[in-house]
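Chains as they are written, first to last, in this note's numbering: chain A, 1091 to 1597; chain B, 1091 to 1597. Cβ coordinates follow ideal geometry from the N, Cα and C atoms, glycine included. Working notes, structure below.
Protein chains: 2
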Amino acid sequence: MDPDQFRTAAHAAIDDIINYFETLPSQRVVPTIEPGYLRPQIPSNPPTDPESWPEIQADIDTKIKPGLTHWQSPNFMAFYPANVTYPSILGEMYSAAFNAPAFNWLCSPACTELETIVMDWVAKALSLPGCFLSDSENRGGGVIQVSASDSIATVMVAARERRVRDLVLAEGLKEGTQEFGERMMDLRPRLVALGSDQAHSSTAKGAIIAGTRYRSAKAWLEDNMEMTGEGLRSVLEQCERDNLTPYYITLTMGTTNTCALDRFAEIKVVLSEKPAWQRIWVHIDAAYAGSALIAEEWQHIAQDFAEGVDSFNFNMHKWLLVNFDASCLFVRNRQDLIDALDITPAYLRNTYSETGQVIDYRNWSISLGRRFRALKIWFVMRSYGLTGMKAHVRKAITLGKTFEDLIRSRADLFEIITKPAFGLTVFRIKAPGAQANAFVVQPDEASNTLTKKVHELINARGEIFITASVVAGVQAIRVVSANEAAQESYIQRAFDIIVKTTEELLQ
Amino acid sequence: MDPDQFRTAAHAAIDDIINYFETLPSQRVVPTIEPGYLRPQIPSNPPTDPESWPEIQADIDTKIKPGLTHWQSPNFMAFYPANVTYPSILGEMYSAAFNAPAFNWLCSPACTELETIVMDWVAKALSLPGCFLSDSENRGGGVIQVSASDSIATVMVAARERRVRDLVLAEGLKEGTQEFGERMMDLRPRLVALGSDQAHSSTAKGAIIAGTRYRSAKAWLEDNMEMTGEGLRSVLEQCERDNLTPYYITLTMGTTNTCALDRFAEIKVVLSEKPAWQRIWVHIDAAYAGSALIAEEWQHIAQDFAEGVDSFNFNMHKWLLVNFDASCLFVRNRQDLIDALDITPAYLRNTYSETGQVIDYRNWSISLGRRFRALKIWFVMRSYGLTGMKAHVRKAITLGKTFEDLIRSRADLFEIITKPAFGLTVFRIKAPGAQANAFVVQPDEASNTLTKKVHELINARGEIFITASVVAGVQAIRVVSANEAAQESYIQRAFDIIVKTTEELLQ
Chain A
1091 MDPDQFRTAA
1101 HAAIDDIINY
1111 FETLPSQRVV
1121 PTIEPGYLRP
1131 QIPSNPPTDP
1141 ESWPEIQADI
1151 DTKIKPGLTH
1161 WQSPNFMAFY
1171 PANVTYPSIL
1181 GEMYSAAFNA
1191 PAFNWLCSPA
1201 CTELETIVMD
1211 WVAKALSLPG
1221 CFLSDSENRG
1231 GGVIQVSASD
1241 SIATVMVAAR
1251 ERRVRDLVLA
1261 EGLKEGTQEF
1271 GERMMDLRPR
1281 LVALGSDQAH
1291 SSTAKGAIIA
1301 GTRYRSAKAW
1311 LEDNMEMTGE
1321 GLRSVLEQCE
1331 RDNLTPYYIT
1341 LTMGTTNTCA
1351 LDRFAEIKVV
1361 LSEKPAWQRI
1371 WVHIDAAYAG
1381 SALIAEEWQH
1391 IAQDFAEGVD
1401 SFNFNMHKWL
1411 LVNFDASCLF
1421 VRNRQDLIDA
1431 LDITPAYLRN
1441 TYSETGQVID
1451 YRNWSISLGR
1461 RFRALKIWFV
1471 MRSYGLTGMK
1481 AHVRKAITLG
1491 KTFEDLIRSR
1501 ADLFEIITKP
1511 AFGLTVFRIK
1521 APGAQANAFV
1531 VQPDEASNTL
1541 TKKVHELINA
1551 RGEIFITASV
1561 VAGVQAIRVV
1571 SANEAAQESY
1581 IQRAFDIIVK
1591 TTEELLQ
Chain B
1091 MDPDQFRTAA
1101 HAAIDDIINY
1111 FETLPSQRVV
1121 PTIEPGYLRP
1131 QIPSNPPTDP
1141 ESWPEIQADI
1151 DTKIKPGLTH
1161 WQSPNFMAFY
1171 PANVTYPSIL
1181 GEMYSAAFNA
1191 PAFNWLCSPA
1201 CTELETIVMD
1211 WVAKALSLPG
1221 CFLSDSENRG
1231 GGVIQVSASD
1241 SIATVMVAAR
1251 ERRVRDLVLA
1261 EGLKEGTQEF
1271 GERMMDLRPR
1281 LVALGSDQAH
1291 SSTAKGAIIA
1301 GTRYRSAKAW
1311 LEDNMEMTGE
1321 GLRSVLEQCE
1331 RDNLTPYYIT
1341 LTMGTTNTCA
1351 LDRFAEIKVV
1361 LSEKPAWQRI
1371 WVHIDAAYAG
1381 SALIAEEWQH
1391 IAQDFAEGVD
1401 SFNFNMHKWL
1411 LVNFDASCLF
1421 VRNRQDLIDA
1431 LDITPAYLRN
1441 TYSETGQVID
1451 YRNWSISLGR
1461 RFRALKIWFV
1471 MRSYGLTGMK
1481 AHVRKAITLG
1491 KTFEDLIRSR
1501 ADLFEIITKP
1511 AFGLTVFRIK
1521 APGAQANAFV
1531 VQPDEASNTL
1541 TKKVHELINA
1551 RGEIFITASV
1561 VAGVQAIRVV
1571 SANEAAQESY
1581 IQRAFDIIVK
1591 TTEELLQ
């Protein structure tokens, strides 16, 4: 493909992309195809000879688009959103063109330096505590990761190494000796990572990756599915009785299931109670709801992150207008990551890195190479400005309130399960004759079955896409509408579909 | 940014990208800026109000480009290449537009299904053993990972879990009991991962991530820095004496330092000698050189991967025309990955996944979400055809031979250290009066110092970019030219620069 062919192809692709976004509202949000739909349509071997772009592009229309789930559709209200915007696409174009597996500063200095700068921008935009800025005294800073799973696995490995080193030092062994290394190995089987049972599965998966145990504190509907100080203390005490060493905990700002906020303030009090508990690495997973911190009215939440918190992540690629991947991870002490992950062979050595003048992000992540993802964050933050980003977040919260009010208006059919938060409403369909709940929703089989059926029928019809889940034994439906195309009219329509489908099934 | 603004901006970006590639040959390949160059040029806070695209794009020219290292320049001959091509950029554009964190099939079926199909294309194009195809009886298959580091960390975690489970089952404990889980934990501190000391640092890093020990077999210049069966056996026997359990080994096709090929056939004989050694997970890391398997004349190498190999990775984003990230990982038994990494909470459950009708790639990687990277691989394979991809790989190998011949033509100045392979030449500058080496190059301080100086002066001048390394104590220079712009004239010029700089320093 020569430059002129590329120009023609790219112009056609841009028109196609614009047309894709413009026509989304009129399309089914989930595809109608069945598993295996694509295989018969694609040759089983790669072509021997080159094909032209028009041939390839035609296949996108006929073969790929019919198999897409449209996350940018205004009728997409499932999971949490995954925003993409035009400036973000421009960022991907330049990122690809400036391709460099920027595993150290010298590999492409702009790639490293812009990342440090925009991560500071992000921290300031969210009013995160100053300890997460790259020029903080404590040598904190931010790094772009692929996903929250990567962010969490990375800090868990750093937490594990920091904890066993601390323990062995406390035993009086000398670092660098064989005995020291042996003892560091021997202590690992007693390590345990913690979270609430509402923490995202990435914490349990991170514990597997790091090769440690995992225990969770049970969250209760009575507490709105939030982890409490009391709940955590009972897990910590059980670990003591079992002779286990907690080394890491995920606290969640906006759980996946119900967008609950763990009770940071009271949890921190508990963690301060014993010296061993003070040494636990505290991570805040704010994958979705962290984006709300861009709006002043939510920034008070981040004040609880100032002391005693080691790291924080949120995904701009969920709600904050940058496409996947853009998981923003901030750490209080970059040396914790470097101590765990730095392995520098001869072919990666260079003066800039050796003298510590520069950041080598390869030591802040599992990957060695990395893409130039700072560009898309930079483009989006400048194209929208703080004003535009705040407006985007507030719109989704307002739409959520609208949907919540609609659900409450039909108390004969629906029951809200947990406190709606950050645009998410979690509710169930009440089976006829089900008891009214004075305090919290109770599991009941008839309602569970009915809720499940309503959910399945709605998604099968594909007019809107919503998620089912189970909250403390209660079958639930989750609705959240937070992409750029989201509008009140679609929320109203979604509500009408849910009412109609419920009434249809009740007959 | 509305659709018309996006169209205008994207057209301008495309012209800018074309112009960037066209003008690369006339630019310095490494930037002249100093660490910290960017910070003073960017406001310390994000803008409150939106900025226009022309304002943003202007900054790319004035602030970003001066800080890039140009991996697509024909004068880039450092590390290994990192190719990007026009069809690959088109893939990134569509991937961004179709944004979906496709953590399961239902999240965007096309994303999963195209990945399975193109990974089969890749396996066939490389003539990999049939066990790595998605429809193989052994249920193998390929998955796109970010980097070789991710591929390796992922299979190491799977290998660790498989091995401890095997061991505990062999002890007669019952899976699912608490005792079983406790014993799986207790055995971990004795696990050790293996590689040669020439394996990429990602294996040592993977062992840290997985929380296990790592030991390497020393490679010798006498063996061209290849890991031998004999070398491995002595490490295995030492592990036995130390009561350690090897669970994983990286064999390398094309080491980072010198592009050496470990001696697969004889290593496999050694690994078959004892039952415990037969249970070691064997991984082939072919990050760079694996791309050569697209050409028939190298495909015999992959025949050694057929039996007793559990996984294979190579990075299309190095040499095979697809931009970073596109690390292709193939496994013999997908169940090994799923057994280790599958954690399915309620909100991720759906009929398709539960019944095993579909692949959920989240269980094949550390990340939960993933980008639609199959598109760029599909576009590139179709735009080039097998013919075009073979021609690209053969061109680099021919250029390497040309460079090797030039270096050999000045035996008065240069000495080749290891057997040139797949376009890479590793050599040193001979200090005046240094002894000629009858068999293998010997470290000598004067040559080491001189080689280092030549390398530093050349990179400081920025006409070409080459890498320094140390091979068995011998200071070396590595030269490889394998991007799309590579041409014989640039190789000749690079050689002239190296000769001139050497003669200058000798005076």
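In this structure, B/ILE1433 sits near A/SER1291, with a CB-CB distance shorter than 8 angstroms.
For B/ILE1456, at least one C-beta of chain A is nearer than 8 angstroms to its own C-beta. In the three-state reduction of the DSSP assignment, B/MET1343 falls in the strand class, which pools E and B. A contact between stretches requires three or more CB pairs, one per stretch, nearer than 8 angstroms, and the region 1346–1356 of chain A fails this requirement with the region 1188–1198 of chain A. Within the model, the alpha-carbon separation for A/ARG1229 versus A/LYS1480 is close to 29 angstroms. Residue environment: A/ARG1461 is assigned as buried (16 or more neighbouring CB atoms within 10 Å of its CB, all protein chains considered). Between the region 1264–1276 of chain B and the region 1495–1502 of chain A, the count of C-beta pairs closer than 8 angstroms stays below three; the two stretches do not touch. Counted as a single uninterrupted DSSP element, the stretch harbouring A/CYS1197 is not any alpha helix (DSSP H), since DSSP gives it neither H nor E. Rounded to whole angstroms, the Cβ separation of A/GLY1301 and A/LEU1361 is 24 angstroms, and the two are not in contact under 8 angstroms. When beta bridges are read from the DSSP output, B/CYS1221 appears opposite no residue. At a C-beta separation below 9 angstroms, B/MET1183 has these neighbours in chain A: ALA1100, ALA1103, ILE1104, ILE1107, ILE1179, GLU1182, MET1183 and ALA1186. At least one CB atom of chain B sits nearer than 8 angstroms to the CB of A/PRO1199. Membership of B/ASP1287 in any beta strand (DSSP E) is not indicated, and neither H nor E is assigned to it by DSSP. Restricting attention to A/TYR1442, A/ILE1449 and A/SER1417, the CA atom closest to the CA of A/LEU1427 is found in A/ILE1449. When secondary structure is reduced to three states using DSSP, A/ALA1385 falls in the coil class, being assigned neither helix nor strand. Interface with chain B (8 angstroms Cβ-Cβ cutoff): A/ASN1333 is excluded.
Here the C-alpha atom of B/ILE1150 lies approximately 17 angstroms from the C-alpha atom of A/THR1206. Taking 8 angstroms as the CB threshold, A/ALA1172 lines the interface with chain B.
For A/LEU1458, the CB contacts under 6 angstroms within the same chain, skipping 5 residues up- and downstream, are PHE1193 and ARG1452 in chain order.
Contacts between A/ARG1250 and chain B, judged by CB atoms closer than 8 angstroms, involve GLY1301 in chain order.
Here the alpha carbon of B/ARG1463 sits roughly 37 angstroms from the alpha carbon of A/GLU1316. Under the Cβ criterion (8 angstroms, minimum of three pairs), the region 1411–1418 of chain B counts as touching the region 1169–1182 of chain B. Against chain B, the beta carbon of A/LYS1214 has neighbours under 9 angstroms at SER1134, ASN1135 and PRO1136, listed in chain order. In the three-state reduction of the DSSP assignment, B/THR1318 falls in the coil class. Chain B places a beta carbon closer than 8 angstroms to that of A/VAL1247, counting this residue as a contact. Of the candidates A/PRO1130, A/ALA1187, A/THR1122 and A/PRO1140, A/THR1122 places its Cα closest to the Cα of A/THR1159.
Under DSSP, B/LEU1419 forms a beta bridge with B/VAL1233 and B/ASN1403. With fewer than 16 other beta carbons inside 10 angstroms of its own, A/ASP1092 counts as exposed.
In this structure, A/ILE1242 and A/CYS1418 do not form a Cβ contact; the two beta carbons are roughly 13 angstroms apart against a cut-off of 8 angstroms. Taking the CA atoms as reference points, B/ARG1253 sits about 21 angstroms from A/VAL1282. A direct Cα-Cα distance of roughly 18 angstroms separates B/ASP1225 from B/CYS1201. Shown here, A/PRO1140 sits in coil according to DSSP, grouped into three states, outside any helix or strand. Between B/MET1209 and B/THR1244, the alpha-carbon positions lie close to 17 angstroms from each other. For B/HIS1373, the enclosing beta strand (DSSP E) begins and ends at 1371–1375. 8 angstroms or more divides the Cβ of B/VAL1119 from the Cβ of B/GLY1513. The alpha carbon of A/THR1346 has as its nearest neighbour, out of A/ALA1377, A/SER1116 and A/LYS1364, the alpha carbon of A/ALA1377.
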